[in-house]
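Engineer: Quick one: the structure is below, questions incoming.
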Amino acid sequence: MWAVSSDPVKFDEALAYWRARVPLTKKEFDALTAAAKTRAFTLAGVAQLDVITEVMQAIERALDEGTGIEQFRADIGAKLEAAWGATNPGRIDLIFRNAVQRSYSAGRYAQMTDPQVLKARPYWRFDAVLDSRTSPICKPLNGTTLPADSTWWESHYPPLHHHCRSGVYSITADQAQELGLTEGEPDISAGAGFGAAPGSASDWEPSEDDYPADLWKAYEKKGGP
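Each residue of the sequence shown is one higher than the one before, starting from 771 at the first, in this note's numbering.
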């Protein structure tokens, strides 16, 4: 079974996903289309682009170097709380864990959608962590087994909510038959802003013409398109 960890270790596909994010102010983020938002990163209550960019860089270091939440707090906690005008350790943890989990989940998606992997393992199985903290969204989805090309995954790919710990792993056709295919598609919705498969907006690329000069300059500085 596979589950996302909030303590990162280096994972090239996850790191590539995160490095493709574009730092934006909330105002600029809200003006984007839904597809474009999947390739951007912002923070509610933070107006300074430089702080948003520093948060992105701190998360990138965590993914690249394998550091965890304690280092993230040390790197960026004071600046975030200064921007918010209040201490909020829970919110800092949420930013880190959501970002890391999205990146790890996207990395797994990149691996599982490799053509050779899809050919050998054409079915996906939803894997929730079952304990007292399991959400009412993920608990009934645990064990859902469907073809990898099912459109259901386009709106039910983890994370499905804040602090989501669920994952998806690929299996062979024989394993799918042994475990049992899910009849129909579970009618449970992901939380707002969650559930989209990482590759569903892969054809979108930011354009210099779409952003103010300072935003585009910050994007180019971190690697560009």
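Even glycine gets a Cβ: it sits at the ideal position worked out from N, Cα and C. Remember, it's a predicted structure, so these values are computed and weren't measured experimentally.
Does the stretch 781 to 789 come close enough to the stretch 872 to 891 to have 3 or more Cβ pairs within less than 8 Å?
Structural biologist: These segments touch.
Engineer: Can you have a look at D901 and say buried or exposed, based on whether 16 or more other CB atoms are within 10 angstroms of its CB?
Structural biologist: Classification of D901: exposed, given that the 10 Å Cβ count is below 16.
Engineer: Should A784 be listed as close to the ligand FMN, given that the test is whether its C-beta is under 7 Å from any heavy atom?
Structural biologist: For the structure depicted, the ligand FMN is absent and the ligand set is empty, with no information on it obtainable.
Engineer: Report the residue from T823, K807, Q947 whose alpha carbon sits nearest the alpha carbon of W723.
Structural biologist: Given a span of 771 to 995 for the chain in the structure shown, any question on residue 723 remains unanswerable.
Engineer: Within 10 Å of its beta-carbon, does Y787 have 16 or more other beta-carbons around it, so buried, or fewer, so exposed?
Structural biologist: When all chains shown are included, Y787 counts as buried.
Engineer: Can you list, in chain order, the residues of its chain whose CB lies under 6 Å from that of W854, leaving out five sequence neighbours each side?
Structural biologist: The answer, listed in chain order, is G815.
Engineer: Quick one: Cα of A1007 to Cα of G860, how far?
Structural biologist: In this structure the chain extends from 771 to 995, so residue 1007 is not present and cannot be described.
Engineer: Kindly indicate which three-state DSSP category L949 falls into: helix, strand or coil?
Structural biologist: L949 falls in the helix class under three-state DSSP.
Engineer: Going by the CB atoms, is the gap between I822 and P793 shorter than 8 Å?
Structural biologist: Cβ atoms of P793 and I822: closer than 8 Å.
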